[in-house]
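Visitor: Below you'll find the structure I mean.
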Amino acid sequence: MITTARSRMLQPRPLGQRQRILLAAGLLCVGLAIVIFLSLTQGSVALTGSELLAAALRQGDAIHQTILWDLRLPRVLAALLVGGALGLAGALLQGMLRNGLAGPFLLGISAGAGLMVVLMVGVGLVQIWVPLGAWLGAVITTVMVYLLARTGATLSVERLVLGGVAFSSLFGAVQSLLLLLSPDGQIQAALNWLIGSLNGRGWTEVTLVGPGLVVAAIAGCLLARQVNLLSLGDDLATGLGTSLTRSRVLIGAIATLLAAGAVSIAGLVGFVGLIVPHGVRLLVGTDYRLVLPFSTLGGALVLSGADLVARAGPVELPVGVVTAMLGAPVFIGLLHRRRLRGGM
Amino acid sequence: MPLESRNLSGGYGDRPIVEAVTLDLERGEWLSLVGANGSGKSTLLRLLSRVLKPQRGTVLLSGRDIHTLPPTAMARQLALLPQQQTLPAGLTVYQLVSLGRSPHQPWWQWDLDDAGRQQVEAALHWTELEAYRDRPVSDLSGGERQRAFLALALAQDPQVLLLDEPTTFLDIHYQLQLLELLKRLNCQRGLSIITVLHDINLAARYSDRLALLRQGRLWAIGETAAVLTPDLLRDVFEVEVALVSTPVGLQICPLAASVPASALAPTVG
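One line per chain: the protein sequences are A and B, in this order. FYI, my numbering numbers position 97 of the first sequence as 97, with every residue one higher than the one before it. FYI, my numbering numbers position 263 of the second sequence as 1263, with every residue one higher than the one before it.
Have a look at this one:
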């Protein structure tokens, strides 16, 4: 015991590990509080702090109450849910596939959901059925990718990624063809969804999808040790008592439910699920017991922040445009850094 | 008997690489698998550790078939150190070694319990890595890294440890250091060990028994002195060797690559 204590003194914990985590948690919480406050108060009708408080207590100006309770609050909640789900789904898939370039849409989720929505808009089934259709399209496509990747009883990472790419390009092509053939008005409706937007999202979406997303998020975070084990490589993970196929199915299923739920609320919001886990790993390291919950919080912060930016201008932008405009340069930066380090 | 295989065959795809291997590992014994490239040493080790599913035959761990045991129950008794490790970027030594406790933890338990922490400390102590606990594994030298992965396997608290070429990327100093450490664990803690070793002299020096493999079959198995003969080594490696008595026991000195008998056979027609 003495030697242990002494060697600890000689080699102090390159500290920070604990402090860095606390700092990161603090930053995220403060950031979330600020963004939520701004999202609730800012907009075409700005509310002051006291007006916000009054409206929250169902007092004061009736219009203010409506703005807060029926417009801004559900929209902020939707942004938090979608962002958190995408961040966590991205982190789960990056960990499971041992690939930093994986995102929540890698396993064909976006293409499946997109094709389904374009089909539905084409048939004239709008609005109400779109979330359900998107969800189904996403889930069915991922199941197909998994079935394709399966060889005997094993499930290889390479085949999963390739299957995702194959289905994505096939469905993407069909989707483009359908868009080209459809009349202008329908293209507009479909595009708005394909880019990803939170415009007009209300309690219906939040109450319908929200509880499921929260349950999936908790389940996802509990899979952290499985993700850690998978990151050690197939042989070592097997030696440590992991069933590779079962872990990959479980993690993929949770990530798909999260991403499909997010897509059914907001459409195809890109880059959040790709970028956030990278940022989180820079902050807290690669232990997925930390990466997963932090990616959830980080995703929620980034998307609610992006939505705030999206509706700040004179014309409201789809939030997907904002995340792509901000996210793509960040991603290019990450790639550039990797290249300098000699990786990838 | 901690680990035994019965008529074990297996490989990749339909082609068996290992054929009909039956062997036993005694408690507290160190057995080394020796053979030429492609003789099926690593495949045999992967079959013994459930990484590969056998095409025929069984592997028994303390008398129970490893393919009917739950994976975590197997991992509580048997640990595997593969030849090449995937380096999880950024993971510290302590975090890595802690993962060795996974088979002992219920799935919902995030952190180590007291027994787990003690076992991790013990594994760090044996491998002399206490001072490195908070260093990222990727920053360690080759020898330290191999010790970190060995500590991971020891944290599993196994009765049987399988190691695939544990010394391949190490210089002579670290090779001896690692094998001495294994010998201590083997003698003092009764750990049963199977290693795949490329270097016949190291295998002869440290193991109790050698198993010679040739084209996927068990060619000979026995005490080192009984197996280390010029005839058997010619069969397995197609080399002519001289045996030399040294302070560390019987060692071989390779003389020349022997010409396979088939090449000398007269061609007909």
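We treat Cβ as the ideally placed atom computed from N, Cα and C, and that holds for glycine.
(1) Does the Cβ-Cβ distance between valine 1236 (chain B) and arginine 1214 (chain B) come in under 7 Å?
(2) Applying a beta-carbon distance threshold of less than 7 Å, which residues of chain B neighbour asparagine 228 (chain A)?
(3) From which residue to which residue does the alpha helix (DSSP H) around serine 1042 (chain B) run?
(4) For the pair the stretch 1087 to 1100 of chain B and the stretch 1128 to 1140 of chain B, tell me if three or more CB-CB distances fall below 8 Å.
(5) Do you know offhand how far leucine 148 (chain A)'s Cα is from leucine 1152 (chain B)'s?
(6) Where does the unbroken alpha helix (DSSP H) through glutamine 175 (chain A) begin, and where does it stop?
(7) Assuming valine 1059 (chain B) is part of the alpha helix (DSSP H), what are its boundary residues?
(8) Under the rule that 16 or more other beta-carbon atoms within 10 Å means buried, what is cysteine 221 (chain A), buried or exposed?
(9) Could you have a look at leucine 1182 (chain B) and say whether DSSP puts it in helix, strand or coil?
(10) Using 7 Å as the limit for Cβ to Cβ distance, is arginine 159 (chain A) near chain B?
(11) Using a threshold of 7 Å, state whether the C-beta atoms of valine 309 (chain A) and valine 322 (chain A) are closer than that.
(12) Kindly indicate the opening and closing residues of the alpha helix (DSSP H) around serine 295 (chain A).
(13) Using a cut-off of 8 Å between C-beta atoms, extract the partners of arginine 281 (chain A) located in chain C.
(14) With a threshold of 7 Å between beta-carbons, can arginine 337 (chain A) be considered close to chain B, or not?
(15) Alpha carbon to alpha carbon, what distance is there between arginine 1027 (chain B) and leucine 1182 (chain B)?
(16) Less than 6 Å between C-beta atoms, sequence neighbours within five positions excluded: which residues of the same chain meet that for alanine 85 (chain A)?
(17) Within the 7 Å Cβ cut-off, does glycine 333 (chain A) reach chain B?
(18) Let me see if you follow: with CB-CB separation under 7 Å, is proline 1103 (chain B) close to chain A or not?
(19) Counting only Cβ-Cβ distances shorter than 7 Å, please list the residues of the stretch 1058 to 1084 of chain B near chain A, keeping chain order.
(20) Given a threshold of 16 other Cβ atoms within 10 Å of its Cβ, counted over all protein chains shown, does arginine 1189 (chain B) qualify as buried or as exposed?
(21) Alpha carbons only, please: which of B:Glu1019, B:His1104 and B:Gly1143 is nearest the one belonging to methionine 1074 (chain B)?
(22) Which residues does DSSP pair with alanine 1256 (chain B) in a beta bridge?
(23) Would you kindly report the start and end of the unbroken alpha helix (DSSP H) that includes tryptophan 1126 (chain B)?
(24) Check for me: the alpha helix (DSSP H) holding leucine 213 (chain A) runs from which residue to which?
(25) Mind checking methionine 1001 (chain B): buried by the 16 CB within 10 Å criterion, or exposed?
(26) Under the assumption that leucine 155 (chain A) contacts threonine 256 (chain A) (Cβ atoms under 8 Å), give the Cβ distance between them as a whole number of angstroms.
(27) Mind checking whether leucine 303 (chain A) and glycine 210 (chain A) have CB atoms under 7 Å apart?
(28) How would you call alanine 306 (chain A), buried or exposed, if buried means at least 16 neighbouring beta carbons within 10 angstroms?
(29) Return the bridge partner residues of arginine 1064 (chain B) from the DSSP annotation.
(30) Taking all protein chains shown into account, decide if glutamine 188 (chain A) is buried (16 or more other Cβ within 10 angstroms of its Cβ) or exposed.
(31) Per DSSP, which one or two residues make a beta bridge with arginine 1209 (chain B)?
(32) To the nearest angstrom, how far is the alpha carbon of glutamate 316 (chain A) from that of leucine 198 (chain A)?
(33) State yes or no: is the beta carbon of valine 1051 (chain B) nearer than 7 Å to at least one beta carbon in chain A?
(34) Beta-carbon within less than 6 Å of tryptophan 1030 (chain B)'s beta-carbon, same chain only, minus the 5 sequence neighbours each way: which residues are those?
(35) With burial defined as no fewer than 16 other Cβ atoms inside 10 Å of the residue's Cβ, what is the status of threonine 1127 (chain B): buried or exposed?
(36) Please check if any C-beta of chain A sits within less than 7 Å of the C-beta of tryptophan 1219 (chain B).
Guide: Quick answer:
(1) yes
(2) Leu1099
(3) 1041 to 1048
(4) yes
(5) 34 Å
(6) 157 to 181
(7) Valine 1059 (chain B) -> not in any alpha helix (DSSP H); beta strand (DSSP E) instead, spanning 1056 to 1061.
(8) buried
(9) helix
(10) no
(11) yes
(12) 288 to 310
(13) As a matter of chain content, chain C is missing from the structure shown, whose protein chains are A and B.
(14) no
(15) 15 Å
(16) Leu213, Leu258, Gly261 and Ala262
(17) no
(18) yes
(19) Pro1071, Thr1072, Met1074, Ala1075, Ala1079, Leu1080 and Pro1082
(20) exposed
(21) B:His1104
(22) B:Glu1240
(23) 1114 to 1126
(24) 203 to 222
(25) exposed
(26) Not confirmed; about 14 Å, so no contact.
(27) no
(28) buried
(29) B:Leu1061
(30) exposed
(31) B:Leu1031 and B:Glu1223
(32) 10 Å
(33) yes
(34) Asn1186, Ile1193, Ser1207 and Asp1208
(35) buried
(36) no
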